[in-house]
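Working notes, beginning with the structure itself.
There are 4 protein chains.
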Amino acid sequence: MNEKGIAHTTDIRVRYAETDGMRVVYHGNYLVYFEQARTEMLRSIGLPYAKIEEMGIFVIVIEAHANYRRSALYDDLLHVKAMVREMPTNRIKIEYEIRRNNESELIVDGYTLHTFLNSLSNRPAKPPKEFTELMQKYF
Amino acid sequence: MNEKGIAHTTDIRVRYAETDGMRVVYHGNYLVYFEQARTEMLRSIGLPYAKIEEMGIFVIVIEAHANYRRSALYDDLLHVKAMVREMPTNRIKIEYEIRRNNESELIVDGYTLHTFLNSLSNRPAKPPKEFTELMQKYF
Amino acid sequence: MNEKGIAHTTDIRVRYAETDGMRVVYHGNYLVYFEQARTEMLRSIGLPYAKIEEMGIFVIVIEAHANYRRSALYDDLLHVKAMVREMPTNRIKIEYEIRRNNESELIVDGYTLHTFLNSLSNRPAKPPKEFTELMQKYF
Amino acid sequence: MNEKGIAHTTDIRVRYAETDGMRVVYHGNYLVYFEQARTEMLRSIGLPYAKIEEMGIFVIVIEAHANYRRSALYDDLLHVKAMVREMPTNRIKIEYEIRRNNESELIVDGYTLHTFLNSLSNRPAKPPKEFTELMQKYF
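Chains as they are written, first to last, in my numbering: chain W, 1328 to 1466; chain E, 1328 to 1466; chain G, 1328 to 1466; chain U, 1328 to 1466.
Have a look at this one:
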């Protein structure tokens, strides 16, 4: 196992609002679960996303991908793992794995790719120094 | 019938994403349909909401109410009627009636109550002059 | 203070997905927070909602009301209190109060009114015996 | 240009509910726009998705991908093009392109990959005969 990188798991309980007429989680909502997992991953390493925005930087999504392998149901307790496995450059890739409580099989996996934006000018930006220095500790 | 006031009906097709595990529209999503209907009502009288925001004013929701009478299903074509029946002051009340295509029975009715906010200071504001003058034509 | 009834508070972290262009929680999403809070309230008294559905009963929403008093922001930790203050009959009223972490002022309050439906016939039903007996312990 | 295949464009107006704190459409909501566009594409060729479900078949999403190239704003009128460019087998791939009214640049593109499920048994199924025969007209 590669010891480098960041991994953090967030528990998310499926809301009724998030299911659809097939009685399973609507596929689009997994991107919201991904968001919550990466938010908690950033918080876990001491850099809450809200703090990055306070530095005048938006971290935007430029690509998202999900593989749907099984269904999650209302009230399921999901473990959503967010991982950074490559040192971020001007881009950061975050990978995700979603499993149900006490199960080893994947429900969904996927990734999101992000870049940085100056929140005033709306133009591409470098990641904040605090972000890069923090990442270097993990790679 | 009172001839005063504004009424405008918007057609909304129910998306799969908007249904829930009971195979009907999730109750919270009707507030989104209300929003779309009042947006189109404002556009129909020549004052798109986006234009109000350009004047530096947010129209915020301070109260929302919905009565759920019947269920709407995936792919139903809904007629969402938005009505202003009282001349707005510093507040505006908008009422809604949702029916399915070709049916007279109500599916949902309700209302939202709004005030105006200066979008820079985030403080209470008077409605823009254009808004008030426009409303006076209907009352 | 009335000692009767049920009250349970659930912590909910605001997701980016739940904010809107005014940078605050979209008003319709509070109904989703209400749902999560009543789900956790039912779980806290030993009757998870999923279990009620297993008994062949849907608990549907027939009325929802929200008063928006302040705004909640991205990443806010909200305390969402769900309360049953009157012994349910064929209807159950659940009231809600939402506050931000460490603040006493209300952000949103409101209520939902529910009836019971036979999930096979889709017709009105009495609440399950287990539900009524459980409620009687609190009133 | 390949003349084979299916293409259909649906106009979608961005709702306030669909924007986020960056004042742009939340990235997860584009999957909902994809859904609406493929629903309307199926309707346009005479096979509404609701009719497929009536045949006892769910068309489920097994993969979704989106590239976010530009931002869409509140009240933007989006043209969402859904395309089938390869004859479906047990799988169907649908591709999407989203542009703003009167602009040639892409805002988002992506695809979804689908399989068929028996809605009673929840097990993999072949596409309905009506579906396959209809598709053959386009390839």
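Cβ atoms here follow ideal geometry from the backbone N, Cα and C, with glycine treated the same way. The model shown is predicted, which means the values in this text are computed figures rather than measured ones.
Helix, strand or coil for residue i per DSSP?
| i | result |
| --- | --- |
| U:N1429 | coil |
| G:L1358 | helix |
| U:Y1401 | coil |
| W:K1420 | strand |
| G:A1452 | coil |
| E:M1410 | strand |
| G:F1385 | strand |
| G:F1443 | strand |
| W:I1333 | strand |
| G:R1342 | coil |
| G:I1379 | helix |
| U:M1328 | Reliability of the predicted coordinates at U:M1328 is poor, the pLDDT of 47 falling under 50, and no value is obtained from them. |
| U:G1437 | strand |
| U:E1457 | helix |
Which residue's Cα is closest to the Cα of residue i: the options?
| i | options | result |
| --- | --- | --- |
| W:N1428 | W:I1434, W:H1406, W:N1449 | W:H1406 |
| W:I1421 | W:G1355, W:I1389, W:S1448 | W:I1389 |
| W:L1433 | W:I1384, W:F1385, W:L1461, W:Y1423 | W:Y1423 |
| E:S1431 | E:K1408, E:L1444, E:P1375, E:P1415 | E:K1408 |
| G:T1337 | G:P1415, G:M1410, G:S1446, G:N1417 | G:M1410 |
| G:R1340 | W:V1352, W:N1445, W:Y1376 | W:Y1376 |
| U:A1452 | U:D1436, U:G1437, U:R1418 | U:R1418 |
| U:G1355 | W:A1393, W:V1351, W:G1332 | W:A1393 |
| W:L1444 | W:F1385, W:G1437, W:Y1438 | W:F1385 |
| E:D1436 | E:A1391, E:E1381, E:G1332 | E:A1391 |
| G:T1439 | G:G1332, G:V1359, G:S1371, G:Y1353 | G:V1359 |
Taking all protein chains shown into account, decide if residue i is buried (16 or more other Cβ within 10 angstroms of its Cβ) or exposed.
| i | result |
| --- | --- |
| G:F1466 | exposed |
| E:R1450 | exposed |
| E:G1383 | exposed |
| U:M1328 | Note that U:M1328 has pLDDT 47, beneath the 50 cutoff, so the model's placement of it is unreliable and the number below is only indicative. Classification of U:M1328: exposed, given that the 10 Å Cβ count is below 16. |
| G:T1373 | The sequence as given places Gly at residue 1373 of chain G; Thr does not occur at that position. Classification of G:G1373: exposed, given that the 10 Å Cβ count is below 16. |
| U:M1349 | buried |
| W:L1447 | exposed |
| G:T1416 | exposed |
| G:T1366 | buried |
| W:E1413 | exposed |
| W:E1345 | buried |
Return the CA-CA distance between residue i and residue j, expressed in angstroms with no decimal places.
| i | j | result |
| --- | --- | --- |
| G:Y1357 | E:Q1363 | 18 Å |
| G:I1387 | U:Q1463 | 44 Å |
| W:R1426 | W:A1399 | 9 Å |
| G:Y1343 | W:H1441 | 15 Å |
| W:A1334 | W:L1369 | 10 Å |
| U:T1459 | W:F1361 | 35 Å |
| E:E1330 | U:R1396 | 48 Å |
| U:K1378 | E:D1403 | 13 Å |
| G:K1456 | W:V1351 | 28 Å |
| U:P1454 | U:E1381 | 13 Å |
| G:G1332 | W:Y1401 | 27 Å |
| G:D1461 | G:Y1353 | At residue 1461 of chain G the sequence reads Leu, which differs from the Asp that was named. Straight-line Cα distance between these residues: approximately 35 Å. |
| U:D1347 | U:S1371 | 31 Å |
I want to verify the contact list: residues of chain A whose CB lies under 7 Å from the CB of residue i, in sequence order.
| i | result |
| --- | --- |
| U:A1344 | Absent from the structure is chain A; the protein chains it does hold are W, E, G and U. |
Any heavy atom of the ligand GDP within a distance shorter than 7 Å of the CB on residue i?
| i | result |
| --- | --- |
| G:R1396 | The ligand GDP is absent from the structure shown, which contains no ligands of any kind. |
Inset, instruction - Pull out every residue of the segment 1440-1451 of chain U whose Cβ sits closer than 7 Å to any Cβ of chain W, in chain order. - result: none
Legend entry - Where the segment 1347-1366 of chain E meets chain G: residues whose CB sits under 8 Å from a CB there: M1349, H1354, G1355, N1356, L1358, V1359, E1362
Inset, instruction - Pull out every residue of the segment 1371-1388 of chain U whose Cβ sits closer than 9 Å to any Cβ of chain E, in chain order. - result: P1375, Y1376, A1377, E1380
Legend entry - Against chain W: residues of the segment 1399-1421 of chain E by CB proximity under 7 Å: Y1401
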